[in-house]
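Student: Following the UniProt record's numbering, the numbering of the sequence shown begins with 1 at its first residue and continues without gaps.
Structure incoming, see below.
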Amino acid sequence: MVANGQPHLEQCILVTGGAGYIGSHTALQLLLDGYTVVIVDNFDNSCEEALQRVVELAGKNGKNLIFYQVDLCNKDAVENVFASHHFDAVVHFAGLKAVGESVAKPLLYYLNNVNGTLNLLEIMSSYGCKKLVFSSSATVYGQPKSVPCTEDFPLQAMNPYGRTKLFVEDIMRDLHKADPEWRTILLRYFNPVGAHPSGRIGEDPRGIPNNLMPYVQQVAVGRRSELSVFGSDYNTRDGTGVRDYIHVQDLATGHSAALFKLFTTPNIGCTVYNLGTGKGTSVLEMVAAFEKAAQMKIPLRIMDRRPGDCSEVYAATEKAEKELGWKAQNGIEEMCRDQWNWASKNPFGYQPSHADGKESKPVCNGGHDLKISNGAAAT
Ligand code: NAD
Ligand code: WQD
Numbered sequence: 001m002v003a004n005g006q007p008h009l010e011q012c013i014l015v016t017g018g019a020g021y022i023g024s025h026t027a028l029q030l031l032l033d034g035y036t037v038v039i040v041d042n043f044d045n046s047c048e049e050a051l052q053r054v055v056e057l058a059g060k061n062g063k064n065l066i067f068y069q070v071d072l073c074n075k076d077a078v079e080n081v082f083a084s085h086h087f088d089a090v091v092h093f094a095g096l097k098a099v100g101e102s103v104a105k106p107l108l109y110y111l112n113n114v115n116g117t118l119n120l121l122e123i124m125s126s127y128g129c130k131k132l133v134f135s136s137s138a139t140v141y142g143q144p145k146s147v148p149c150t151e152d153f154p155l156q157a158m159n160p161y162g163r164t165k166l167f168v169e170d171i172m173r174d175l176h177k178a179d180p181e182w183r184t185i186l187l188r189y190f191n192p193v194g195a196h197p198s199g200r201i202g203e204d205p206r207g208i209p210n211n212l213m214p215y216v217q218q219v220a221v222g223r224r225s226e227l228s229v230f231g232s233d234y235n236t237r238d239g240t241g242v243r244d245y246i247h248v249q250d251l252a253t254g255h256s257a258a259l260f261k262l263f264t265t266p267n268i269g270c271t272v273y274n275l276g277t278g279k280g281t282s283v284l285e286m287v288a289a290f291e292k293a294a295q296m297k298i299p300l301r302i303m304d305r306r307p308g309d310c311s312e313v314y315a316a317t318e319k320a321e322k323e324l325g326w327k328a329q330n331g332i333e334e335m336c337r338d339q340w341n342w343a344s345k346n347p348f349g350y351q352p353s354h355a356d357g358k359e360s361k362p363v364c365n366g367g368h369d370l371k372i373s374n375g376a377a378a379t
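This is the structure we're talking about:
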């Protein structure tokens, strides 16, 4: 299981994008593990309320979270953060992730995801911080010829978003060749779903959700009328697409295990691990599991296939199990239980209400000891 519980109280981890969905769950895990956690996020797709709740959930360790509202594209501001802290490693989540938007705005995606990462890597290098865990994605397998996907499958980007992941993976491989002091773990997540079991933090997408479970959740709370099921004629058990859904809590412990591996393996080089469960679930199976958890019917409409979608994708998990000592613990029942717990307690995500249909600014409950600063203050 997870290599937690080691004494690393003195270690300080920079978490980029730590206010976001996966970042907030991972930051909480790292605080509970005993790390000091410094988050930089520009709140492009997140808000301060998520961080307040992370502090609350971390209990006495909440005081070890420090936050800077900084954009990775602002190199001076990132440098100021490095000038103020000694980082033992970086977990790099910050990035834009909407596939459709990346097709419409490729330059935005290359600038934000690739340039932002280049800024970070240059500054890490100049401060001698050469340990990185990077959020890659199963999207780099493109349309895999077979399943399960092993880490050595050929790589292929299907859209600009996927290409940014592939570019950064290649940059890390080149960097390690040029400077073997770098230790990098590239984590290829499959389909993250679910929320913290407390129901206090979870996924809060802006606008119309692109992904299956956030959409299902919004139908369940009455924000959308029905779910469109994209394709029922795939060569799968029930004709709908099959994916490897993984509980966000398992992803969080996967990062904890990856960091431990980085610290304890001088010759790790630049190594890739899939983070998935190894099990495929169809759209209809996932909806049925959610209906059971929420005790309600989700209205469905069968539509045409979504362009670019594969029929079936799931992970080979042996490498992560063997080398990271990590294995996903939760099945779709727990994923749907926790997704519904979050949704029912926070029907409008971190926003208090959405009564007039307008986006309102997230409000901070306050009262917790969250040290918030901006990049300038770090000088
Ligand atoms: P998210 O949007 O919830 O979190 C990303 C965070 O990064 C947000 O808080 C956003 O404000 C911040 N951010 C974006 N650009 C930034 C910048 N230039 N400077 C500072 N902060 C910036 O997304 P997530 O689902 O938590 O995903 C985290 C990472 O994992 C992303 O890199 C994503 O591509 C990757 N990933 C996500 C999935 C998924 O389905 N959620 C799957 C595979 C990989
Ligand atoms: C899952 C299944 C859809 C929505 C995407 C990105 C990938 C990665 C994870 C970041 C598919 C079906 C969906 C809906 C539906 N993200 N579906 N109705 O496409 O596997 O992967 O998120 O790296 O890069 O491409 O996830 O949740 O969009 O779809 O029927 O409204 O649900 O067709 O079969 P996907 P998804």
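For glycine and all other residues, C-beta sits at the position ideal for the given N, C-alpha and C.
Computed from a predicted structure; not experimentally measured.
By the three-class DSSP mapping on this structure, what secondary structure does Q69 have?
Tutor: The residue you call residue 69 lines up with position 69 of the sequence shown. The answer is strand: DSSP assigns Q69 an E or B state.
Student: In three-state DSSP terms, what is I201?
Tutor: For the purposes of this step, residue 201 is taken as the residue at position 201 of the sequence shown. Note: I201 maps to coil in three-state DSSP.
Student: Under a Cβ-count criterion, where at least 16 other Cβ atoms within 10 Å of its own Cβ denotes burial, should K145 be classed as buried or exposed?
Tutor: Locating residue 145 in the sequence shown gives position 145, counting from the first residue. Exposed, because fewer than 16 other Cβ atoms sit within 10 Å of the Cβ of K145.
Student: Is the CB-CB distance between Y273 and I171 below 9 Å?
Tutor: On the sequence shown, residue 273 is found 273 positions in, with the first residue counted as 1. On the sequence shown, residue 171 is found 171 positions in, with the first residue counted as 1. In this structure, I171 does not lie closer than 9 Å to Y273 by Cβ.
Student: In whole angstroms, give me the CA-to-CA distance for L275 and A315.
Tutor: Residue mapping note: residue 275 aligns to position 275 of the sequence shown, counting from 1. Residue mapping note: residue 315 aligns to position 315 of the sequence shown, counting from 1. Looking at the two C-alpha atoms, the distance is approximately 7 Å.
Student: Buried or exposed for T301, going by 16 or more other Cβ atoms inside 10 Å?
Tutor: On the sequence shown, residue 301 is found 301 positions in, with the first residue counted as 1. Checking the sequence shown, residue 301 turns out to be Arg, not Thr. Exposed, by the Cβ-count rule.
Student: Which of helix, strand or coil does DSSP assign to T240?
Tutor: Position 240 of the sequence shown, counting from 1, holds the residue named residue 240. In this structure, T240 counts as coil in the three-state DSSP scheme.
Student: Could you tell me the distance, in whole angstroms, from the CA atom of G262 to the CA atom of S84?
Tutor: As a working mapping, residue 262 is identified with position 262 in the sequence shown. As a working mapping, residue 84 is identified with position 84 in the sequence shown. The sequence given here places Leu at residue 262; Gly does not occur at that position. In a straight line, the C-alpha of L262 is about 23 Å away from that of S84.
Student: What is the residue span of the beta strand (DSSP E) that S135 lies within?
Tutor: Taking the first residue of the sequence shown as 1, we reach residue 135 at position 135. Taken as a continuous stretch (DSSP letters only), the beta strand (DSSP E) holding S135 covers K131 to S137.
Student: For G59, which option in L30, Y245 and A220 has the closest C-alpha, if you only look at C-alpha atoms?
Tutor: Sequence index remark: in the sequence shown, residue 59 carries index 59 (1-based). Comparing Cα positions, the closest option is L30.
Student: Starting from A257, trace the alpha helix (DSSP H) in both directions and tell me its first and last residue.
Tutor: On the sequence shown, position 257 is the one that residue 257 refers to. Per DSSP, A257 belongs to the alpha helix (DSSP H) from V248 to T264.
Student: Just checking F43 against ligand 1 - is the residue's beta carbon closer than 8 Å to any of the ligand's heavy atoms?
Tutor: As a working mapping, residue 43 is identified with position 43 in the sequence shown. For ligand 1, at least one heavy atom lies less than 8 Å from the Cβ of F43.
Student: Jot down the residue ranges of each uninterrupted beta strand (DSSP E) in the stretch 138 to 220, minimum 3 residues, whole runs only, in chain order.
Tutor: Runs of the beta strand (DSSP E) lying entirely within the stretch 138 to 220, each at least 3 residues long, are 183 to 189 and 191 to 193 in chain order.
Student: State the DSSP-derived secondary structure class of Y273, mapped to helix, strand or coil.
Tutor: One-based indexing of the sequence shown puts residue 273 at position 273. Strand, per DSSP.
Student: How about Y161: is its Cβ closer than 8 Å to a heavy atom in ligand 2?
Tutor: For this step, residue 161 is matched to residue 161 along the sequence shown. The answer is yes for Y161.
Student: Taking the alpha-carbon positions, what's the L155 to Y141 distance?
Tutor: Locating residue 155 in the sequence shown gives position 155, counting from the first residue. Locating residue 141 in the sequence shown gives position 141, counting from the first residue. C-alpha separation (whole angstroms): 5 Å.
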